[in-house]
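Residue numbers (my numbering): 640 to 1066.
No residue lacks a Cβ here, since even glycine has one placed at the ideal position from N, Cα and C.
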């Protein structure tokens, strides 16, 4: 049965005890991919390129300091907003469902925040605007991934995870090329993706099933509020290990991507326009490798009914690609590293979401636990800019010790591969 829904429909059906989910059709997968594309284009593109352009506009002499101040604050807001929005969406009961109101309100709030980011005249306003952008973006992401868990049965989760991965990384590619064409027009660079996100989230909200559980979730108390940010890893060890794996690979990735444009300018001695174009082509190669890997690995994971070998192996390969990048001396070597990391992250991102959903402690409260998982995405985004800057400055007054930073990132990725292996609930 194909999940359907309407924003103008009456009260959604209430379901009783959890029943096996019916297979979803291609229309659902397409709508899921479009929504993920729109949200990621709006919020992740600034993290990859646009914020680095904004930082150079505000402080041409020291853009790294702007990035180091702004990005961690936004990540802290996201760290708090994602699990809270997920938990609140579990408790929401409206005639439109429990996920839709959060999806739509979050997308609108994100777009308004990005308008402020684009127009912010100084560091103070930029920090506040980016904080709000991350809060509203994660108020959208949390119910979207929870809705994925609500809709997609076990034997389609690898393919659904692949759709999410493909959409995320196509949006990064689109955002990178958007920066190439509109590098001198910051309002367009930040605001247009926000309006696209609203439109694509509406498409998903119209297609996805959004049923209410038969039992109401307990009211939010102080204890439950604090519990929103915690799932006991001793009671749920597989969930805890999946959480740590996500944190480590994300930290390794963001240690480089946060400073990717500056890496090309400093290591390869390129000007802003040439570095932006080079990064764009590198991201294109990365994305081509990622798309090919993601398209195959999610399907293969479902067929083989195995998750761990894909997640652990790809994380290890990502570490190898990072080492290649650490010693790259030419643009061609940079491209080779991008291909290796794209292949690795394609496999990882296509399967890891399925692995995480498979080990959820309580599928009926998916929003809360998936919000906790997203903390593993947000903490690295907070730590990576500061940790990366500290490593760049080690023995380098000009903050250009990229070799040390990338070696540390590679070691982090290898540890991330190892912690997947003890998971028991999935093969």
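#1: Should residue 788 be labelled buried (16 or more other beta-carbon atoms within 10 Å of its own) or exposed?
#2: Go ahead and pull the three-state DSSP assignment for residue 779.
#3: Checking the sheet assignment: what are the DSSP bridge partners for residue 736?
#4: Among the candidates 723, 921 and 887, whose CA atom is the shortest distance from the CA of residue 987?
#5: Give me the Cα-Cα distance between residue 879 and residue 950, rounded to the nearest whole angstrom.
#6: Taking only the alpha-carbon atoms, compute the straight-line gap between residue 1063 and residue 820 and give it to the nearest angstrom.
#7: Do the region 798–806 and the region 729–742 touch if we need at least three Cβ pairs shorter than 8 angstroms?
#8: Would you kindly work out how many angstroms separate the C-alpha atoms of residue 908 and residue 1040, rounded to a whole number?
#9: Applying the 10 Å Cβ sphere with the 16-neighbour rule, what's the burial state of residue 729?
#10: Could you check which residue in 956, 966 and 923 has the C-alpha nearest to that of residue 813?
#11: In the DSSP assignment, find the unbroken alpha helix (DSSP H) run with residue 692 in it and report its ends.
#12: Say yes only if the C-beta of residue 705 is nearer than 6 angstroms to one or more non-hydrogen atoms of the ligand HEM, and no if none qualify.
#13: What would DSSP say about residue 793, mapped onto helix, strand or coil?
#14: Can you tell me where the alpha helix (DSSP H) holding residue 844 begins and where it ends?
#15: Which residue's Cα is closest to the Cα of residue 781: 725, 791 and 872?
#16: Excluding five sequence neighbours on each side, which residues of the same chain lie with their C-beta closer than 6 angstroms to the C-beta of residue 904?
#17: Say whether chain D places a C-beta atom closer than 7 angstroms to the C-beta of residue 940.
#18: Whose C-beta lies closer than 8 angstroms to the C-beta of residue 967 among residues of the same chain, with five residues either side of it excluded?
#19: Hey, quick one: how far does the alpha helix (DSSP H) through residue 636 stretch, first residue to last?
#20: Using the rule of at least 16 other Cβ atoms within 10 Å of the residue's Cβ for burial, across every protein chain shown, is residue 587 buried or exposed?
#21: Apart from the five residues on each side of it in sequence, which residues of its chain come closer than 6 angstroms, Cβ to Cβ, to residue 679?
#22: Below 6 angstroms CB to CB, which residues in the same chain sit around residue 1051 once its five sequence neighbours on both sides are set aside?
#23: With 16 as the cutoff for other CB atoms within 10 Å, does residue 764 come out buried or exposed?
#24: Between 984, 1019 and 744, which lies nearest to residue 932 when the distance is taken from Cα to Cα?
#25: Which one of 928, 768, 1061 and 1013 has the shortest CA to CA distance from residue 748?
#26: Verify whether the separation of the beta carbon atoms of residue 721 and residue 1055 is less than 7 angstroms.
#27: Would you check if the distance between the CB atom of residue 1047 and the CB atom of residue 1030 is smaller than 7 angstroms?
#28: Relative to the C-alpha of residue 706, which candidate in 945, 715 and 695 has its C-alpha closest?
#29: Does the distance from the CB of residue 757 to the CB of residue 683 come in under 7 angstroms?
#30: What's the call for residue 733, buried or exposed, on a 16-neighbour Cβ count within 10 Å?
#31: Check for me: the alpha helix (DSSP H) holding residue 1051 runs from which residue to which?
#32: Identify which residue in 840, 929 and 760 has its Cα closest to the Cα of residue 745.
#33: Note down the Cα distance separating residue 762 from residue 971, rounded to an integer number of angstroms.
#34: Distance check for residue 1021 and residue 703, CA to CA, integer angstroms please.
#35: Specify, as a first and last residue, the run of the alpha helix (DSSP H) that residue 870 falls within.
#36: Residue 1023 and residue 897: beta carbons closer than 7 angstroms?
For this structure:
#1: For this step, residue 788 is matched to residue 149 along the chain shown. So residue 788 counts as buried.
#2: Along the chain shown, read from residue 1 onward, the residue named residue 779 stands at position 140. In the structure shown, residue 779 falls within a helical segment according to DSSP collapsed to helix, strand and coil.
#3: To locate residue 736, count along the chain shown from 1; it is residue 97. In the DSSP output, where bridge partners are listed per residue, residue 736 has 733.
#4: Taking the first residue of the chain shown as 1, we reach residue 987 at position 348. With distances taken between Cα atoms, residue 987 lies closest to 887.
#5: Locating residue 879 in the chain shown gives position 240, where the first residue counts as 1. Locating residue 950 in the chain shown gives position 311, where the first residue counts as 1. Distance between the alpha carbons of residue 879 and residue 950 is about 15 angstroms.
#6: Counted from its first residue, the chain shown places residue 1063 at position 424. Counted from its first residue, the chain shown places residue 820 at position 181. If I take the Cα positions, the gap works out to 48 angstroms.
#7: no
#8: In the chain shown, counting from the first residue as 1, residue 908 sits at position 269. In the chain shown, counting from the first residue as 1, residue 1040 sits at position 401. About 14 angstroms.
#9: Residue numbering aside, residue 729 sits at position 90 when the chain shown is read from its first letter. By the 10 Å Cβ count, residue 729 comes out buried.
#10: As a working mapping, residue 813 is identified with position 174 in the chain shown. Of the listed residues, the one whose Cα sits closest to residue 813 is 923.
#11: Reading the chain shown from its first residue, position 53 is the one you call residue 692. From DSSP, the alpha helix (DSSP H) with residue 692 extends over 690–697.
#12: Among the components modelled here there is no ligand, and therefore nothing to report on the ligand HEM.
#13: Locating residue 793 in the chain shown gives position 154, counting from the first residue. Helix.
#14: Here residue 844 refers to the residue found at position 205 of the chain shown. It spans 825–846 - the alpha helix (DSSP H) in which residue 844 sits, taken as one unbroken run.
#15: Within the chain shown, the letter at position 142 stands for residue 781. For the residues 725, 791 and 872, the minimum Cα distance to residue 781 belongs to 725.
#16: Working through the chain shown from its first residue, we reach residue 904 at position 265. Excluding the 5 residues flanking it on each side, residue 904 has same chain C-beta neighbours closer than 6 angstroms at 914, in chain order.
#17: This model lacks chain D altogether, as it is built from one protein chain only.
#18: Locating residue 967 in the chain shown gives position 328, counting from the first residue. Only 906, 973, 975 and 976 meet the Cβ criterion.
#19: Limits of the chain in this structure are 640 at one end and 1066 at the other, which puts residue 636 out of reach.
#20: The chain is shown from 640 up to 1066; residue 587 falls before or after that span and cannot be answered.
#21: Along the chain shown, one-based indexing puts residue 679 at 40. Excluding sequence neighbours, residue 679 sits near 807 and 810.
#22: The sequence position of residue 1051 within the chain shown is 412, counting from 1. Hits under 6 angstroms: 887, 890 and 891.
#23: Start at 1 with the first residue of the chain shown, and residue 764 comes out as number 125. It counts as exposed.
#24: Counted from its first residue, the chain shown places residue 932 at position 293. Among 984, 1019 and 744, the Cα nearest to that of residue 932 is on 984.
#25: Here residue 748 is taken as the residue at index 109 of the chain shown, counted from 1. Of the listed residues, the one whose Cα sits closest to residue 748 is 768.
#26: Against the chain shown, residue 721 aligns to sequence position 82. Against the chain shown, residue 1055 aligns to sequence position 416. It is not a contact, given that the beta carbons lie outside the stated cut-off.
#27: As a first step, residue 1047 is located in the chain shown; it is residue number 408 there, counting from the start. As a first step, residue 1030 is located in the chain shown; it is residue number 391 there, counting from the start. In contact: residue 1047 and residue 1030 (Cβ atoms closer than 7 angstroms).
#28: Residue 706 sits at position 67 when you count from the first residue of the chain shown. Of the candidates 945, 715 and 695, the one whose C-alpha sits nearest the C-alpha of residue 706 is 695.
#29: By one-based count along the chain shown, residue 757 stands at place 118. By one-based count along the chain shown, residue 683 stands at place 44. Cβ atoms of residue 757 and residue 683: not closer than 7 angstroms.
#30: Working through the chain shown from its first residue, we reach residue 733 at position 94. When all chains shown are included, residue 733 counts as exposed.
#31: Position 412 of the chain shown, counting from 1, holds the residue named residue 1051. Segment 1041–1057, the alpha helix (DSSP H) holding residue 1051.
#32: Here residue 745 refers to the residue found at position 106 of the chain shown. When only C-alpha atoms are compared, the closest one is 840.
#33: Numbered from 1 along the chain shown, position 123 holds the residue referred to as residue 762. Numbered from 1 along the chain shown, position 332 holds the residue referred to as residue 971. So the two alpha carbons sit approximately 36 angstroms from each other.
#34: As a position in the chain shown, residue 703 is number 64, starting the count at 1. As a position in the chain shown, residue 1021 is number 382, starting the count at 1. Taking the straight line from one Cα to the other gives about 15 angstroms.
#35: For this step, residue 870 is matched to residue 231 along the chain shown. Element bounds for residue 870: n/a, residue is neither H nor E.
#36: Residue mapping note: residue 1023 aligns to position 384 of the chain shown, counting from 1. Residue mapping note: residue 897 aligns to position 258 of the chain shown, counting from 1. It is a contact, given that the beta carbons lie within the stated cut-off.
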